[in-house]
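**Student:** Encoded as structure tokens, here's the structure I'll be asking about.
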Amino acid sequence: MTGGKLRLNDEESVDLQYFPIDQLPDAMINLHPCWLEDALSEGEKAFIR
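All letters in the sequence shown, in the order written, are residues 4 to 52 by this note's numbering.
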């Protein structure tokens, strides 16, 4: 995803934003960096965590 309009549609989220990959917020769930690394990898393979 490279853009678009974010919108809240539930009570679980209070804010949504896009961030450049080198400016991600510090307050992320511990597994999110692993998932991002997997998603941004060049290979097509399954990741089992």
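Glycine residues also receive a C-beta, built at the ideal position from the N, C-alpha and C atoms.
These numbers were taken from a predicted model, which means no experiment stands behind them.
#1: Which residue marks the beginning of the alpha helix (DSSP H) containing residue 39, and which one marks its end?
#2: Roughly how many whole angstroms lie between the Cα atoms of residue 33 and residue 39?
#3: Closest by CA to residue 24, which one among 16, 42, 9?
#4: DSSP state of residue 26, grouped into three classes?
**Tutor:** Reading it off the structure:
#1: Taking the sequence shown and counting its residues from 1, the one referred to as residue 39 is at position 36. Taken as a continuous stretch (DSSP letters only), the alpha helix (DSSP H) holding residue 39 covers 35–43.
#2: Position 30 of the sequence shown, counting from 1, holds the residue named residue 33. Position 36 of the sequence shown, counting from 1, holds the residue named residue 39. Each residue's Cα considered, the two are about 11 Å apart.
#3: Within the sequence shown, residue 24 is the residue found at index 21, counting from 1. Distance from the Cα of residue 24 is smallest, within the candidate group 16, 42, 9, for 42.
#4: Numbered from 1 along the sequence shown, position 23 holds the residue referred to as residue 26. Correct three-state label for residue 26: helix.
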